[in-house]
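One structure is given below, encoded as structure tokens.
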Amino acid sequence: MSAPYRDETATLRAEVERLTRELATARAPRMRWALRPGGGWQAVLATVFTAFWIACIAHDGWTAGNVVGLVWNAAQWAMWALLFVRREPAPSDDGGGR
7 MSAPYRDETA TLRAEVERLT RELATARAPR MRWALRPGGG WQAVLATVFT
57 AFWIACIAHD GWTAGNVVGL VWNAAQWAMW ALLFVRREPA PSDDGGGR
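Structural data, given as structure tokens:
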């Protein structure tokens, strides 16, 4: 026969753990995506090259040169994301500066 206090203790411990996780989540700073300086014109340039390679593929088909160009363009987008996109704390809504 199980003692009733063991069930109550387990329930309370589970509730404490749940509330602790919720509190940690509430205290964690909210983050947002931001663009580093210079990232805007780099994105425009990458978009122009993407449109160029799509037009080349639409006109000529999947030639080796077009495939290489499209792979190069994908690498350009990856480098753009790594170099110019960052996460930063979002400003707080309660008037306190952050």
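All the letters of the sequence shown, read from the start, carry residue numbers 7 to 104 under my numbering.
In this text, a Cβ means the ideal position worked out from N, Cα and C, and glycines have one as well.
Would a C-beta distance cut-off of 8 angstroms place residue i and residue j closer than the cut-off?
i	j	result
Ala40	Trp83	no
Ala49	Trp86	yes
Glu94	Arg38	yes
Cys62	Gly45	no
Identify every residue that forms a DSSP beta bridge with residue i.
i	result
Arg92	Ala40
Around the C-beta of residue i, are 16 or more other C-beta atoms found within 10 angstroms, so that it is buried, or is it exposed?
i	result
Trp59	buried
For residue i, which residues from the same chain have a beta carbon less than 8 angstroms from its beta carbon, with the 5 sequence-adjacent residues on both sides left out?
i	result
Arg42	Leu89, Phe90, Val91, Arg92
Asn72	Trp59, Cys62, Ile63, Asp66
Excluding the five sequence neighbours on either side, which residues of its own chain have a C-beta within less than 6 angstroms of the C-beta of residue i, listed in chain order?
i	result
Arg36	Ala96
CB-CB under 7 angstroms to residue i, same chain, minus the five flanking residues each way: which ones, in chain order?
i	result
Thr26	none
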